[in-house]
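Chains A and B, in that order, are what the protein sequence lines are.
The working numbering numbers the first residue of the first sequence as 1 and each following residue consecutively.
The working numbering numbers the first residue of the second sequence as 64 and each following residue consecutively.
Idealized CB from N, CA, C, for every residue including glycine.
Remarks on the structure that follows.
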Amino acid sequence: MSPHDLFTGALTVINVGLEAFAETLDREGVAVVSLDWHPPAGGNPEMIRLLERVQELESDGAD
Amino acid sequence: MLRNVIRRDSYYDSVVLMDLSQRLTKLPGVSLAAVMMGTEVNKEILTEAGLLEASGKEAGPNDLIVSIRAEGENVLTMALGVVEELLVQRRAVGHRGERRPRTLEAALRERPDARIALISVPGEYAYLESMKALRRGLHVVLFSDRVPFEAELALKQYALRRGLFVFGPECGTCIINGVPFAFANRVPRGRIGIIGASGTGIQEVSCLLATAGEGISQALGVGGRDLHPTIGGLMMQQAIRALQEDPETAVIIVLAKASSPEIERIVFDLLASGPKSAVVNFLGSTIPRAQGTNRVRVAQTLDEAAVAALGLLRGARGDAPPFAISQQLLSLARALSARLDPSARRIVALYSGGSLVAEAAWLLRQFGEQVTTDLLRGIFPPSPTPPGHLIIDVGEAVYTVGRGHPILDYRIRTDFIRRLNEWRDGGILLLDLILGLGAHPDPASEIIGALNDLPKERRESLVVVASLCGTAADPQGLESQAARLDAAGVTVMPSNAQAIRLAYLVSRGGNGIDPVPRSVHESS
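And the structure:
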């Protein structure tokens with residue numbers, strides 16, 4: 001994928017976090033799906049570090 | 064009486080909770096109220112405010128703490144009923160009442176055409192959520208703050224390998240294909256592409272261009288630390304290359320605070336070796352303006368960057384910035400300074416925009432003025448009075464803990480303005496008011512309300528200078544906001560640099576010199 005491809009065509013957005021941002025996009029006529037987001041692993045910092053580690057290992061493997 | 068109610072496994076975002084807290088505080092009989100997630104930081108804030116009971120201390124980061132101090136049991140019951148009603152409305156449904164997906168996978172099943180994720184979760188979760196999005200091939204606009212350097216670097220390195228962008232962290236502003244993300248203004252589409260390691264810098268320049276009748280192709284916020292040597296300008300370089308390939312972009316503007324000379328040079332050379340005209344504004348940079356070329360110009364202020372880009376686009380040569388000190392400005396400054404107590408010629412600047420506050424400190428120092436920018440523990444008015452002009456960035460964490468960003472939450476600034484009655488050393492009040500999407504719906508009313516609360520004699524001795532960052536198309540309306548401020552005795556200037564120049568001249572009794580040379584056109 002070329003980064004420049006982002007500049008062509010319409011954008012559909014996935015909103016993760018502040019619902020107010022999705023509301024603004026929607027009002028501006030942008031297609032947006034907003035996640036019902038909750039802190040992963042109940043916000044447990046140790047579990048989050050483990051999840052991050054899993055992501056890192058999987059990302060390294062993706063190359 | 065104080066009551067804490069805990070709702071287990073009940074997450075709501077900070078904007079929703081700030082709104083709820085404000086509504087509760089306005090209820091008759093409620094003296095203080097706060098609704099927050101039970102993170103350690105939030106529990107400390109509640110403890111300091113005297114709002115945490117033993118039951119609240121038990122709450123975890125995924126639990127909601129509702130804390131209300133009220134006159135009696137009846138008021139408490141009513142307030143808790145309001146909380147229940149408002150939170151039930153919000154549960155698992157979007158603002159249109161639709162059910163919202165719980166995972167990114169589910170969202171992508173719903174909209175497989177999605178190409179970009181806007182991520183604004185608390186900083187400790189930002190890496191995880193951003194990496195999930197990148198791995199699914201989505202570009203990321205990352206609004207979250209408190210993202211560690213190593214996380215930012217890992218995200219950007221991964222994105223680069225996949226041909227994706229990470230805009231941010233702390234990306235305050237992006238306009239991509241005309242879609243405004245986070246805080247942005249309604250500006251027309253056009254031929255100037257902006258890349259900024261600064262949100263309010265992008266807003267200021269895109270608004271000045273809009274006012275001059277020119278639009279933008281893309282406005283890309285790469286995050287304030289992208290040019291830090293640790294990150295090495297990874298996204299800045301990728302963004303420059305992308306705009307160099309973009310047929311819609313004729314002129315590129317790069318905005319950033321000064322970085323290391325090596326990284327500034329890499330950016331400058333990338334622009335100089337490319338096919339398009341460009342303007343760079345590294346605020347406080349080591350690259351002198353004289354190193355600019357016919358095609359790549361070096362601007363020293365944001366408004367100068369806008370003017371230089373217009374010159375390049377329209378083929379004008381040797382444009383002088385329209386905002387340099389003129390006879391008109393000197394006359395205005397003399398008239399305003401006549402109101403000042405001669406012993407109170409100090410500027411107090413209360414800023415909400417990170418790049419605008421940096422521009423104020425830099426420009427005043429260029430004028431040879433002494434400036435204090437750090438206030439210990441955020442206490443205002445400061446005691447003892449620090450030397451020189453006082454510049455306060457109310458977007459700093461010390462002021463925003465437990466509040467919204469000052470672009471939409473004016474409480475800190477209005478509170479400080481009211482306290483100017485106790486502190487007579489500051490005779491000149493300098494403000495930035497940022498309009499646009501995501502910003503406060505009516506900043507002028509907030510500022511005018513606070514000024515009107517000052518005793519008449521204090522109000523009359525205070526010179527108030529403001530710049531408005533906005534466009535005629537913004538929801539607040541640039542002209543109507545400016546007209547109301549003007550009617551309230553606030554002098555509204557067309558750019559931040561211009562407002563700083565005026566405030567400086569007023570502090571000098573209308574006798575100042577401009578050490579920043581006027582010409583932006585330098586050929587090598």
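Residue contact with chain A for Y190 of chain B: present (Cβ-Cβ distance below 8 Å to some residue of chain A). The bridge partners DSSP lists for N344 of chain B are B:L318. S84 of chain B and P39 of chain A have their C-alpha atoms spaced approximately 21 Å apart. At a C-beta separation below 8 Å, V242 of chain B has these neighbours in chain A: L11, V13, L25, E28 and V30. Taking one beta carbon from each stretch, the region 526-543 of chain B and the region 485-494 of chain B have 3 or more pairs nearer than 8 Å; the two touch.
Take the alpha-carbon of F230 of chain B and the one of Q266 of chain B: they are about 15 Å apart.
Shown here for Q307 of chain B: same chain residues with a beta carbon closer than 8 Å to its own, the five before and five after excluded, namely I315, G337, P338 and K339 in chain order.
The contact set of L167 of chain B on chain A, defined by CB atoms closer than 8 Å, consists of I14, V16 and L35 in chain order. At a cut-off of 8 Å between C-beta atoms, S269 of chain B does not count as an interface residue with respect to chain A.
Between G264 of chain B and L318 of chain B, the CB-CB gap stays under 8 Å. Chain B places a beta carbon closer than 8 Å to that of E19 of chain A, counting this residue as a contact.
The three-state secondary structure of S389 of chain B, taken from DSSP, is coil. Counting other Cβ atoms within 10 Å of its Cβ, V33 of chain A reaches 16 or more and is therefore classed as buried. Here the region 506-514 of chain B makes no contact with the region 217-226 of chain B; the two share fewer than three CB pairs at distances below 8 Å.
Using a CB distance cut-off of 8 Å, L227 of chain B counts as an interface residue toward chain A. Of the residues B:S524, B:K519, B:V242 and B:R70, the one whose Cα lies closest to the Cα of I179 of chain B is B:V242. Separation of the CB atoms of A196 of chain B and V203 of chain B is rounded to 5 Å, and the pair is thereby assigned contact status at 8 Å. For F244 of chain B, the uninterrupted beta strand (DSSP E) segment begins and ends at V242 to A245. 8 Å or more divides the Cβ of V138 of chain B from the Cβ of L87 of chain B. Burial check for K519 of chain B: the Cβ neighbour count within 10 Å stays below 16, so the residue is exposed. Taking the C-beta atoms as reference points, L426 of chain B is found no nearer than 8 Å to H452 of chain B. Residue-level contact by beta carbon fails for E46 of chain A and chain B, as no gap is shorter than 8 Å. The beta carbon of V461 of chain B lies closer than 6 Å to those of G441 in the same chain, with the five residues before and after it left out. Comparing alpha carbon positions, the residue from B:L471, B:V330, B:N357 and B:L272 closest to R304 of chain B is B:V330. For H4 of chain A, the closest C-alpha among the options B:P124, B:E121, B:Q281 and B:D76 is that of B:Q281.
Rounded to whole angstroms, the gap between the alpha carbons of P444 of chain B and L483 of chain B is 7 Å.
The straight-line gap separating the alpha-carbon atoms of L333 of chain B and A313 of chain B is approximately 16 Å. For V13 of chain A against E192 of chain B, the beta-carbon gap comes to about 14 Å, at or over 8 Å, which does not count as contact. Secondary structure remark: continuous beta strand (DSSP E) runs of at least 3 residues inside the region 403-458 of chain B, in chain order: 409-414 and 452-456.
As the crow flies, the alpha-carbon of R288 of chain B is around 36 Å from that of W486 of chain B. The beta-carbon distance between C270 of chain B and V285 of chain B, rounded to whole angstroms, is 19 Å. This is too long to meet the 8 Å contact definition. Taking every protein chain shown into account, the CB of V151 of chain B has fewer than 16 other CB atoms within 10 angstroms, so this residue is exposed.
In this structure E46 of chain A is exposed. Its beta-carbon is surrounded by fewer than 16 other beta-carbon atoms within 10 angstroms.
Looking at the DSSP output, I182 of chain B sits in a beta bridge with A:V16 and B:L205. Approximately 16 Å separates the beta-carbon atoms of R402 of chain B and D488 of chain B; this is outside 8 Å, ruling out the contact. Between the alpha carbons of G572 of chain B and L393 of chain B lies a distance of about 9 Å.
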